[in-house]
Amino acid sequence: MSIIDELQSLKAEALASIADAETLSQLDSVRVTFLGKKGSLTRVLRGVGFLPAEERPVVGKISNEVRAVLEAAIQERQAALAEADLAARVSADAIDVTLPGRKRLPGRKHLINQIAEEVVDIFLGLGYMVAEGPEVELDHYNFTALNHPPTHPARSATDTFYVRDLSQGLDEDQGPVTEVLLRTHTSPVQVRVMERQKPPVYVIVPGRVYRRDIADPSHLPQFQQIEGLAVDEGITFGDLKGTLDYVCKELFGRDRMTRFRPHFFPFTEPSAEVDVSCGICAGSGCRFCKKTGWLEILGCGIVDPNVFGYVDVDPEVHTGFAFGMGVERIAALRYDIPDLRMLVEGDMRFLRQF
Ligand code: PHE
4 MSIIDELQSL KAEALASIAD AETLSQLDSV RVTFLGKKGS LTRVLRGVGF
54 LPAEERPVVG KISNEVRAVL EAAIQERQAA LAEADLAARV SADAIDVTLP
104 GRKRLPGRKH LINQIAEEVV DIFLGLGYMV AEGPEVELDH YNFTALNHPP
154 THPARSATDT FYVRDLSQGL DEDQGPVTEV LLRTHTSPVQ VRVMERQKPP
204 VYVIVPGRVY RRDIADPSHL PQFQQIEGLA VDEGITFGDL KGTLDYVCKE
254 LFGRDRMTRF RPHFFPFTEP SAEVDVSCGI CAGSGCRFCK KTGWLEILGC
304 GIVDPNVFGY VDVDPEVHTG FAFGMGVERI AALRYDIPDL RMLVEGDMRF
354 LRQF
């Protein structure tokens, strides 16, 4: 085969390989195979030296043409492959802007905290200070200094969670032989505040409390209370009534009325439970208020002189009132929530309403 024939067949072969190359790197190896320093064209042209002198320019010209044709073909193929490559990457990365986004809901305060803050704010407006106390409490503050006799039923291990130090060798089923418990109400903070602060005292105390109750529509083993305590010279039951009537109207609406029913608490005397008129029937009686026209919302009373005895306040000089309300209960009454457990289950479909 003459060199010219070899060049022609090399050209045909190279054009076919260029056309077959499917990626840029395949194309580059085709270029190296045919046009590279050690490639086919170089190899064929090594034979030129053996040709008669007059044939050499002809072969040189043809080989230049072959090289030019192949380089052009490679360039063209390269452009086509680059374009295809870009198109493929663009379509792989494509974002469907018509796909509906996922809505992110803003965070918000839990209803219980909203209400607790609202109550605290009302009392801040009346000049009260916020006080807090420990959730793990001593029997002394939770019961004894609040005038509970040693036999009071609330002290039983079936009502109260006692905290036992198991490292002291006590068994789980040994009786309530401990002084440490989870507070059953926020009232122990009354005692703690009066221990450090002499009257006048005006405090509002939000906090978690614990009782050994099974959760049901109207009970939770853990819930929140807000305690209030006012101690000053000349405080009367009238001050208590005026304060709580104002607070109920702030919380439930100006048109609501309050009533005070006699009750008993060991640490207040006299004591009362406060009802607010039913917002659904306005007092005429309906299912929501169980036909009574009234909804019970808190307990209160005049601080018992025995409590003052534990904190060295002279009951001949100072008198005081105290009250305690359940935050979950207020939420349930205000928004007609049929089951307190809904407030702690964390179902966003429910909680988002508030
Ligand atoms: N501590 C009482 C309760 O949990 C409520 C209360 C507080 C009553 C203050 C009177 C005075 O039921």
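When you line the sequence shown up against this note's numbering, it's residues 4 to 357, in that order.
All C-beta atoms, glycine included, are put in the ideal place defined by N, C-alpha and C.
CA-to-CA distance, residue j to residue i, given in whole angstroms
| i | j | result |
| --- | --- | --- |
| Ile238 | Leu108 | 48 angstroms |
| Gly329 | Thr101 | 49 angstroms |
| Ser5 | Gly42 | 19 angstroms |
| His266 | Glu276 | 6 angstroms |
| Ala24 | Glu9 | 22 angstroms |
| His321 | Leu232 | 13 angstroms |
| Tyr313 | Glu140 | 17 angstroms |
| Met260 | Tyr338 | 18 angstroms |
| Ala218 | Cys292 | 21 angstroms |
| Thr181 | Asp258 | 48 angstroms |
| Gly136 | Ile118 | 20 angstroms |
| Val123 | Gly130 | 11 angstroms |
| Val208 | Phe326 | 10 angstroms |
| Glu57 | Lys40 | 26 angstroms |
| Ala22 | Asp99 | 34 angstroms |
| Gly210 | Arg195 | 14 angstroms |
| Leu13 | Gly104 | 58 angstroms |
| Glu74 | Leu48 | 17 angstroms |
| Phe126 | Asp96 | 59 angstroms |
| Gly368 | Ile340 | Residue 368 is absent from the model: the chain starts at 4 and stops at 357. |
| Val62 | Arg92 | 44 angstroms |
| Ile438 | Ala19 | Because the chain spans 4 through 357 in this model, residue 438 falls outside it and cannot be assessed. |
| Ile65 | Gln11 | 9 angstroms |
| Arg34 | Lys106 | 54 angstroms |
| Thr147 | Pro153 | 8 angstroms |
| Trp297 | Pro220 | 19 angstroms |
| Arg59 | Phe53 | 9 angstroms |
| Phe164 | Arg214 | 7 angstroms |
| Arg158 | Leu184 | 10 angstroms |
| Asp342 | Asp278 | 19 angstroms |
| Asp248 | Leu169 | 47 angstroms |
| Leu354 | Ala134 | 28 angstroms |
| Arg332 | Pro269 | 22 angstroms |
| Leu243 | Arg352 | 39 angstroms |
| Ser94 | Glu16 | 34 angstroms |
| Gly110 | Leu346 | 16 angstroms |
| Ile305 | Gly286 | 27 angstroms |
For residue i, the first and last residue of its enclosing beta strand (DSSP E)
| i | result |
| --- | --- |
| Met328 | Thr322 to Gly329 |
| Thr239 | Element bounds for Thr239: n/a, residue is neither H nor E. |
| Asp278 | Thr271 to Ser280 |
| Gly304 | Trp297 to Val306 |
| Leu184 | Val183 to Leu185 |
| Val47 | Where Val47 is concerned, there is no enclosing beta strand (DSSP E), although the alpha helix (DSSP H) it sits in stretches over Ser43 to Leu48. |
| Leu141 | Val139 to Leu141 |
Boundaries of the alpha helix (DSSP H) in which residue i is found, first to last residue
| i | result |
| --- | --- |
| Asp88 | Arg59 to Ala95 |
| Glu121 | Leu114 to Gly128 |
| Thr261 | Unbroken run through Thr261 is the beta strand (DSSP E), Thr261 to Phe268; no alpha helix (DSSP H). |
| Val35 | Leu27 to Leu38 |
| Arg257 | First-last for Arg257: undefined, no H or E at that position. |
| Leu10 | Ile6 to Asp23 |
| Phe353 | Met351 to Leu354 |
Status (buried if at least 16 other CB within 10 Å, exposed otherwise) for residue i
| i | result |
| --- | --- |
| Asp307 | buried |
| Ala189 | At residue 189 the sequence reads Thr, which differs from the Ala that was named. Buried, because 16 or more other Cβ atoms sit within 10 Å of the Cβ of Thr189. |
| Asp162 | exposed |
| Phe255 | buried |
| Asp88 | exposed |
| Gly302 | buried |
| Leu30 | buried |
| Ser274 | buried |
| Asn145 | buried |
| Asn67 | exposed |
| Pro156 | exposed |
| Thr45 | exposed |
| Gln228 | buried |
| Gly241 | exposed |
| Arg186 | buried |
| Met197 | buried |
Proximity test, Cβ basis, 8 angstroms: residue i and chain C
| i | result |
| --- | --- |
| Asp31 | The chain labelled as chain C is not found in the depicted structure, where only one protein chain is given. |
Every unbroken beta strand (DSSP E) within the segment 180-229, with a cutoff of 3 residues, ordered by chain: 183-185 and 204-213
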